[in-house]
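Asks: For what it's worth, the numbering used here labels the leading residue of the sequence shown as 25, then goes sequentially.
Beta carbons: idealized from backbone N, C-alpha and C, even for Gly.
The structure follows.
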Amino acid sequence: MYFAALLARTEDGWEASDTELDDVETLSDLADLAREASPDEDTVLVLIEQEDAWFGVVRVDGEEDPRIYVSDAAAAARSSYGEILLTDELLGREPGDDGDVLDALDLDGTEDGESDDDEDGGAGSDAAAGTGEAVPHGPVGDAEILDDLGMSEKELRSMTGDAVGEIAEALGALDVLETVR
């Protein structure tokens, strides 16, 4: 189960709204959604959580590039919402560097269902191994994303359970977040 919310920092404090990510396909779409939540170009946080698996924070400050933190890249990679956050840049890959997956495939004529005499499991297992190594286990991104808002890198990295709630509480925004939960 997923939960996603927007927290917009205004001069009157934090404002929260829940958000549907069904129409969001890219990080750019997500950043645009965040910017719409704050017409005054204030700080907006997009908080995404998959129950007990991973959480992500996207910070949008006006027209600046979004900053991202994901608690567990490998878990997020198995999620359609997580894939939005796991950009090539965040994972330290060159844009469009999907060639590794193709290089890992054993295209020797066995791709049409013919058996492969090797003991290595054939092309399918090589492709899975190639993609599995591309996403690290553990956190990725900007762990200092919330430092100036009152949550240290150490606190962010140690989050477990209801991370979105813990983040909102540290920011003084738990009450407004609970109104959209």
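When the Cα of residue 49 is compared with those of 104, 177, 39 and 43, which residue comes out closest?
Replies: Nearest option by C-alpha distance: 104.
Asks: Could you round the C-beta distance between residue 90 and residue 81 to whole angstroms and report it? I think they count as a contact, below 8 Å.
Replies: The pair is not a contact, with the Cβ atoms about 10 Å apart (cut-off 8 Å).
Asks: Which residue comes first and which comes last in the alpha helix (DSSP H) that contains residue 40?
Replies: Run containing residue 40: none in the alpha helix (DSSP H); it sits in the beta strand (DSSP E), 37-42.
Asks: With the cut-off set at 8 Å, would you say residue 61 and residue 42 are in Cβ contact?
Replies: Taking 8 Å as the Cβ cut-off, residue 61 and residue 42 do not qualify as a contacting pair.
Asks: When burial is assigned at 16 or more other CB atoms within 10 Å of the CB, is residue 26 buried or exposed?
Replies: Flag for residue 26 reads exposed.
Asks: Starting from residue 33, trace the beta strand (DSSP E) in both directions and tell me its first and last residue.
Replies: Where residue 33 is concerned, the enclosing beta strand (DSSP E) stretches over 26-34.
Asks: Look at residue 188 and residue 79 and say whether their C-beta atoms are less than 8 Å apart.
Replies: It is a contact, given that the beta carbons lie within the stated cut-off.
Asks: Do the segment 190-200 and the segment 30-38 make contact, defined as three or more Cβ pairs closer than 8 Å?
Replies: The segment 190-200, when compared against the segment 30-38, does touch it at the 8 Å Cβ threshold.
Asks: Report yes if the CB atom of residue 177 is closer than 8 Å to the CB atom of residue 190, and no otherwise.
Replies: Against a cut-off of 8 Å, the Cβ pair of residue 190 and residue 177 comes out as no contact.
Asks: Would the beta-carbon of residue 59 fall within 8 Å of that of residue 70?
Replies: No; because the gap between Cβ atoms is not below 8 Å, this pair is not in contact.
Asks: Need the endpoints of the beta strand (DSSP E) that residue 83 sits in, please.
Replies: That run of the beta strand (DSSP E) goes 78-85.
Asks: Measuring only the C-alpha atoms, how far is residue 174 from residue 74?
Replies: Approximately 24 Å between the Cα atoms of the pair.
Asks: To the nearest angstrom, report how far apart residue 108 and residue 51 are at their CA atoms.
Replies: Their Cα atoms are separated by approximately 6 Å.
Asks: Which of helix, strand or coil does DSSP assign to residue 59?
Replies: Three-state DSSP puts residue 59 in a helix.
Asks: Around the C-beta of residue 124, are 16 or more other C-beta atoms found within 10 angstroms, so that it is buried, or is it exposed?
Replies: Only weak support exists for where residue 124 lies, its pLDDT of 48 falling under 50; the value from the coordinates is given anyway. That one is exposed.
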